[in-house]
Amino acid sequence: MLAQSARVHNLQRVMSRMFGFGTRKDDMPPYRAVGPVTVEEYESRAERYDTQLKDIVGVDPEGKTTEEKVRILREHRMDQYNKVVDAAYDRRGWTRNGVPKIERLKELGIDLPELVEIVKADQE
């Protein structure tokens, strides 16, 4: 059942490439989901976000403008997100851009010439 699910998932990803989607940029979360969006939002939860900067990011928020703190926190969160995406792509047998590798299609028995042609240009 897991192998069949992997075949379906990879086939869906290849078909997304055929329609111009299915790359890393399409897997990015919306801006809103990554963290404080506005200065007002940050300042309304300043204690919480300042604590995250200190404890999680390792940056002392003292002396920084709210804009700097928002930027630093968002950059950290996106860096963490990208690490998770890299690990997921690697585990799935995809390129760093999120496209199934031809070797992975072969492993799954779905390396039809038409499918290989779709992903060929995206191989690293």
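At position 57 of the sequence shown (counting the first as 1) the number is 67 in my numbering, and the numbers step up by one without a gap.
Backbone N, C-alpha and C define an ideal beta-carbon position, used for all residues, glycine too.
Sequence-distant residues of the same chain with beta carbon closer than 7 Å to residue i, five excluded per side
i	result
Y59	P46, Y52, K79 and L83
Boundaries (first-last residue) of the alpha helix (DSSP H) holding residue i
i	result
N107	Counting along the chain, N107 falls outside any alpha helix (DSSP H), and DSSP gives it neither H nor E.
E50	V49 to S54
I112	I112 to L118
E127	P123 to K130
Residue i, DSSP secondary structure in three states
i	result
A13	helix
K74	coil
E134	coil
M88	helix
T61	helix
V44	helix
M28	helix
V94	helix
V69	coil
Alpha carbon of residue i to alpha carbon of residue j, nearest angstrom
i	j	result
D89	M11	33 Å
V126	A97	23 Å
T61	V24	42 Å
A16	E124	19 Å
L118	N20	9 Å
K116	Q14	14 Å
Y99	N92	10 Å
Own chain partners of residue i with C-beta closer than 8 Å, once the 5 adjacent residues on each side are dropped
i	result
R27	T33, V109, I128, V129 and D132
D70	L63 and K64
Own chain residues within Cβ distance below 6 Å of residue i, not counting five before or after
i	result
G103	K111 and R114
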